[in-house]
Every structure is written in structure tokens, then in C-alpha cells.
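I have placed the structure first, in the form of C-alpha cells, so that the comments after it can refer back to it.
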Ligand code: SF4
Ligand code: SF4
């Protein structure tokens, strides 16, 4: 199972070029508003250096906040991606597409954009009507961008969500409409109980699904732009800041972290079973990203895993697989120190043995 996931990591990077947004939706995972932080000075240049360290990178997503709210920043990031022949896409609410003319003019200002995802849901509708979405979608298509509408809603679709979907399908091709589930993070935390009741529990939690790191507007680096981006405090999957230290140090820390390697190689079913076995599983995880969020949000929960991640035998086996998967792409520093202390003749953790066995 590891071979599908780990070598692909780093094909896709995401960067919040700003956390500011002209809207202030009630479910916003990044807690954005017009008063949120802009991208920090030097973010684009340092991001370019970070991107250069990921030779497998094929795509960069410019996100936020609202990337179109920082047009100068967006142009700079697009230029850097074009120079490196990496495709760039943007996720937007489409607030700038009041008329077909305004939509076309805005896209003329961002040459180099390859794809456009227009995000919508009933919360956005308070500020951005369906006409804006239609204008942005048509302008994206006319410009030859790979254009999608992403519709976020409850697992059990509500009446207003169904109505919105029908209106969007009046102008949007079915294959260009992506569905996403409303998630209880950031400002949507207040819907946690309601969402827990209506979202089906995943029987198998599986591996971390991230395809590459996420860089915040402040330069902080986490392994994904999923649930944990809503956490503003430092946590177990916080790997440093490309504005405050060399990008190579941040990358090496990410790719040699035992927690990250465990969720990529062994997955969350292994962690759930481990906690269960040691009598420390005191909540019922519903999905990989929700489990990950709880472990990162609550240091008390994460501490229960520390003895596992500090176990030299476990670490040795984990790093040995990671090196096999990444080759030169992986920092070999931890394995060298582990080799020095490795005790031979011990048995392999069964899940690790399985992960190293060819299918
Ligand atoms: S959900 Fe999107 S559009 Fe709404 S405030 Fe957040 S970043 Fe802006
Ligand atoms: S929240 Fe955790 S499990 Fe989900 S994609 Fe991010 S790092 Fe992976």
C-alpha cells in the first residue's frame, strides 16, 4: 500500500498567497475575512526556492483566503510557476465575476493560469450569486482554462443545496462539477455536532491522502491543505517556516517525520489499533483527516503516540521503507543515526512487513 502513496507525494503543492478574502463565510476553514493577514514579504521568492526542491512537482494551487484579492501576488506566483514549467491553478469564490465582461477582464490580468476552480455553496451564496459563478465558469472556459465548479454541501443533501446544484447544472457541464463535503473546521466548527450526525463514518480510515505540502501566507509549512490548515497554533505536523530558515531544512524535517511517515505508510487504521491496544483510544475517529485533526489539535492525544514514534526499532523500519520509496528524494539523515543504534535480530512490526512486501 505504501508504494501507491509515498513516491507520489510532492507532485502537487498548495500555497495560500493571502489569508484575506472580501467575503466572510460562516463555514470558512481558513477563518478568512477582509481583515485577515496578507501574504508576508518575500513569500513568493522563498516559495520559488521551496518549489525547486520538489523535482516531481507538476502543479501548484494558489489558494487563500481569496487569491484574486491579491492580484499583484497572484501574478508573481504565476510567473514563477511559468518559469519552472509547473502548471498553476487557483481556487476562488468568483466574487470578481459580476458581469461576463468583468469576468473576462479579470482573467486577462492573470496570464499563466492553467486551471480555475470556482468554489460555491449555500454560504457563499449570501455574497456571490449563481450569476457570478456562471460568468466565471464561462470566462474560464472561453479562455481555455481547465475550469471546474466545486460545490460543497452536507452528505445528506439539503433542499437549498439541491436547488443550488440544479441552478449550477443549468450552465455547467456535469463532468465539470465536483462535489465536496462540508467539514467541521475553522468557522464551521460550530456545525461539528450536526455534521457528525449526518456524515457517514468510514469503516476503513486508510492512508493520509495528501499529494503535497501546503505553505501558509506566513511561510509555515504543513503536509497538506486539508483539515489541519484550520489550526493556527503549532502542532505535530508543523514543519517550520520557509521565511525563517532554509527551505531544505523544512523539507528534510517533513520527509523524515515519524508521524507523517506513519500516516503515509501504515495509515490511520494502524494508529487507531495501536491506541486501542494500549488502552488509550478515547474517541471514535470518523475519517483519516478528522483523526489527524484531533491528534494535531490536542497535544494530549498526540502524546499517547510518542512512545511509538521514539521506539528505535519502529523508527528504523519506517525510515528504511521511506528511503526505499523516495530514493534520493528522501533525507537519509535519520536512518544513519538509527543504524548506529539499531539492534538486529528483532521481529518486524507486522504492518511494516506487509508494507514492504510487493503486491
Ligand atoms: S470560504 Fe472562501 S470565500 Fe468564504 S471567506 Fe473563506 S476563503 Fe473567502
Ligand atoms: S489532515 Fe492529516 S491525514 Fe488529512 S491530508 Fe492532511 S496530513 Fe494527511
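Numbering (our numbering), first residue to last: -19 to 339. Glycine included, C-beta positions come from ideal geometry on N, C-alpha and C. Given the structure is predicted, the values throughout are model-derived calculations rather than measurements.
Rounded straight-line distance, which links the Cα of residue j to that of residue i
i: residue 150; j: residue 101; result: 16 angstroms
i: residue 162; j: residue 282; result: 25 angstroms
i: residue 18; j: residue 230; result: 22 angstroms
i: residue 21; j: residue 224; result: 12 angstroms
i: residue 324; j: residue 301; result: Any answer about residue 324 is weak, because its pLDDT of 43 lies below 50 and its placement is not dependable; what the coordinates show is given next. The alpha-carbon atoms of residue 324 and residue 301 are separated by roughly 16 angstroms.
i: residue 108; j: residue 138; result: 19 angstroms
i: residue 214; j: residue 92; result: 34 angstroms
i: residue 110; j: residue 303; result: 49 angstroms
i: residue 9; j: residue 208; result: 9 angstroms
i: residue 39; j: residue 30; result: 14 angstroms
i: residue 65; j: residue 51; result: 21 angstroms
i: residue -8; j: residue 253; result: 30 angstroms
i: residue 340; j: residue 146; result: What the structure shows of the chain is the stretch from -19 to 339, and residue 340 is not part of that stretch, so it cannot be assessed.
i: residue 187; j: residue 226; result: 29 angstroms
i: residue 247; j: residue 228; result: 26 angstroms
i: residue 258; j: residue -6; result: 36 angstroms
i: residue 41; j: residue 125; result: 14 angstroms
i: residue 13; j: residue 292; result: 45 angstroms
i: residue 234; j: residue 218; result: 8 angstroms
i: residue 83; j: residue 266; result: 40 angstroms
i: residue 352; j: residue 181; result: Outside the displayed span of the chain (-19 to 339) sits residue 352, for which this structure offers no information.
i: residue 243; j: residue 168; result: 25 angstroms
i: residue 89; j: residue 62; result: 15 angstroms
i: residue 49; j: residue 55; result: 11 angstroms
i: residue 142; j: residue 114; result: 17 angstroms
i: residue 122; j: residue 81; result: 12 angstroms
i: residue 3; j: residue 171; result: 19 angstroms
i: residue 112; j: residue 106; result: 12 angstroms
i: residue 155; j: residue 47; result: 25 angstroms
i: residue 32; j: residue 43; result: 19 angstroms
i: residue 311; j: residue 280; result: Residue confidence is low: residue 311 scores 49 on pLDDT, short of 50, so the model does not pin down where it sits. No coordinate-derived value is stated.
i: residue 298; j: residue 174; result: 38 angstroms
i: residue 140; j: residue -12; result: 38 angstroms
i: residue 290; j: residue 271; result: 21 angstroms
Minimum C-alpha distance to residue i - residue among the options
i: residue 157; options: 168, 144, 164 and 166; result: 144
i: residue 206; options: 159, 196, 190 and 221; result: 190
i: residue 288; options: 302, 303, 77 and 260; result: 260
i: residue 45; options: 16, 26 and 66; result: 16
i: residue -10; options: 204, 264, 237 and 285; result: 204
i: residue 7; options: 122, 134 and 42; result: 134
i: residue 96; options: 89, 81, 129 and 114; result: 129
i: residue 75; options: 228, 164, 86 and 185; result: 86
i: residue 79; options: 119, 217, 56 and 106; result: 119
i: residue 58; options: 24, 274 and 165; result: 24
i: residue 152; options: 243, 168 and 117; result: 117
i: residue 295; options: 251, 268 and 237; result: 237
i: residue 269; options: -12, 77, 164 and 154; result: 164
i: residue 184; options: 155, 232 and 264; result: 264
i: residue 36; options: 193, 47 and 77; result: 193
i: residue 11; options: 3, 166, 43 and 176; result: 166
N- and C-terminal bounds of the alpha helix (DSSP H) containing residue i
i: residue 256; result: 247 to 257
i: residue 113; result: 110 to 122
i: residue 62; result: 51 to 63
i: residue 25; result: 23 to 31
i: residue 227; result: 227 to 235
i: residue 178; result: 172 to 178
i: residue 140; result: 139 to 149
i: residue 306; result: 292 to 306
i: residue 35; result: First-last for residue 35: undefined, no H or E at that position.
Residues of its chain near residue i, where Cβ-Cβ distance is below 6 angstroms and the 5 sequence neighbours each way are ignored
i: residue 200; result: 221
i: residue 339; result: In this prediction, residue 339 scores a pLDDT of 44, lower than 50, which makes its location untrustworthy; the coordinate-derived value is nonetheless stated afterwards. Cβ within range, chain order: n/a, list empty.
i: residue 28; result: 60
i: residue 53; result: -3 and 19
i: residue 160; result: 130 and 132
i: residue 148; result: 129
Whole-angstrom C-beta distance between residue j and residue i, which should lie under 8 angstroms
i: residue 99; j: residue 127; result: Contact doesn't hold; Cβ gap of about 12 angstroms is too wide.
i: residue 1; j: residue 103; result: Not really, about 12 angstroms apart at Cβ, beyond 8 angstroms.
i: residue 305; j: residue -14; result: 4 angstroms
i: residue 197; j: residue 26; result: About 12 angstroms; that fails the 8 angstroms criterion.
i: residue 94; j: residue 68; result: 6 angstroms
For residue i, the first and last residue of its enclosing beta strand (DSSP E)
i: residue -12; result: That residue, residue -12, is in no beta strand (DSSP E); it is neither H nor E in DSSP.
i: residue 130; result: 126 to 133
i: residue 278; result: It is not in any beta strand (DSSP E) - residue 278 carries neither H nor E in the DSSP assignment.
i: residue 42; result: 39 to 43
i: residue 68; result: 67 to 72
i: residue 98; result: 95 to 100
i: residue 158; result: 157 to 161
Cut-off 8 angstroms between Cβ atoms - residues of its own chain near residue i, not counting five sequence neighbours on either side
i: residue 178; result: 134, 135 and 136
i: residue 211; result: 273, 276 and 277
i: residue 176; result: 164 and 266
Same chain only: Cβ atoms within 7 angstroms of residue i, ignoring 5 sequence neighbours per side
i: residue 240; result: 203, 217 and 234
i: residue 255; result: 261 and 284
Notebook entry, point to check: Which residues count as close to ligand 3 when the rule is a CB under 5 angstroms from any of its heavy atoms, in chain order?
Noted result: In the structure on display, ligand 3 does not appear, and the ligands it does have are ligand 1 and ligand 2.
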